[in-house]
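Here the sequence shown stands for residues 2 to 184, numbered as in our numbering.
Inspection log for the structure reproduced underneath, given as structure tokens.
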Amino acid sequence: MKYQGICSIFLGLVTLFCGHAQAVDGIAIDLGSGDESSDVIGASVRWNWEKKWFTDGEWYVGGYWEAGIGHWDGKSGEHSNDNITHVGVTPVFRLQRHQPLSNGTIPFFEGAIGFHVMSDDKIGDKDLGTNFAFGDHVAAGIQFGGQRQYELSARLRHFSNCGLDDSNPGMNFGEVRFGYLFR
């Protein structure tokens, strides 16, 4: 039942941010591992921002909205729960080159903080305090391909309730992300 609710929330978020399927600018899959011996898998869709800042040099700042769903599969511990599914919406800021390097790739760096709803507030030996978390990440990656339609990046992610509850140990993950941009 929790998973049906989580999936319903995710579909609602997608509907909220996307009037029609053509508005989606890209999709991505994340794989990684983290605290509580957990493996993570996730999928997301994104909508690029039209606004760009600091465009005079070789680099500029832009970004996108990301709506995603993820699943943490960990070990049972003190709380006997070994997995959590979450959905979230995140504004992502990206520093990116205007032009490709000599090898045809475009490097980028990202930073973000978003809002997530989780299926449980406990995993392994951690009591996360609430079913709500802020999820932030930093990432470095490249765009490549004939139209630079592919992205590959490494992400460090942290989920925390930011002190909304006395119990706030957070969860940390290292992830590899592969994305496809609709060009």
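Each residue gets a CB set at the ideal place from its N, CA and C atoms; glycine is no exception.
Note that the structure is a prediction, hence the values are computed from the model and not measured.
| Asked | Found |
| --- | --- |
| Contact under 8 Å by Cβ, Gly125 with Glu67 | no |
| Identity of the residue in His159, Gly130 and Gly146 nearest Gly136 by Cα | His159 |
| Start-to-end residues for the beta strand (DSSP E) that takes in Ala24 | Taken as a continuous stretch (DSSP letters only), Ala24 belongs to no beta strand (DSSP E), as it is neither H nor E. |
| Cα-Cα separation, Phe133 to Met119 | 6 Å |
| Reduced DSSP category for Asn173 - H, G, I as helix; E, B as strand; rest coil | strand |
| Coarse secondary structure for Phe135, derived from DSSP in three states | strand |
| Closest Cα partner of Val93 within the set Gln100, Val62, Asp74 and Phe183 | Val62 |
| Coil, strand or helix - Ser1 by DSSP | Limits of the chain in this structure are 2 at one end and 184 at the other, which puts residue 1 out of reach. |
| Among Tyr65, Thr56 and Gly43, nearest to Val25 - alpha-carbon criterion | Tyr65 |
| Buried or exposed by the 16-neighbour rule on C-beta atoms within 10 Å, applied to His138 | buried |
| Residues near Met2 in its chain [Cβ-Cβ closer than 6 Å; skip 5 each side] | For Met2, the pLDDT reaches just 46, beneath the cut-off of 50, and the residue's location in the model is therefore unreliable, although a value from the coordinates is still provided. Hits under 6 Å: none found. |
| Bridge-paired residues (DSSP) for Arg184 | For Arg184, which the question treats as bridged, DSSP gives no partner whatsoever. |
| Own chain residues within Cβ distance below 7 Å of Asp122, not counting five before or after | Asp128, Leu129, Gly130, Thr131 and Asn132 |
| Cut-off 6 Å between Cβ atoms - residues of its own chain near Ser168, not counting five sequence neighbours on either side | Asp128 and Gly130 |
| Three-state secondary structure (DSSP) of Thr56 | coil |
| According to DSSP, residues forming a beta bridge with Gly33 | Val41 and Glu176 |
| Distance between Ser45 and Phe116 (C-alpha atoms, nearest Å) | 14 Å |
| Inter-residue CB distance, Arg98 and Trp60 (contact presumed, cutoff 8 Å) | 6 Å |
| Residue range of the unbroken beta strand (DSSP E) whose run includes Thr106 | First-last for Thr106: undefined, no H or E at that position. |
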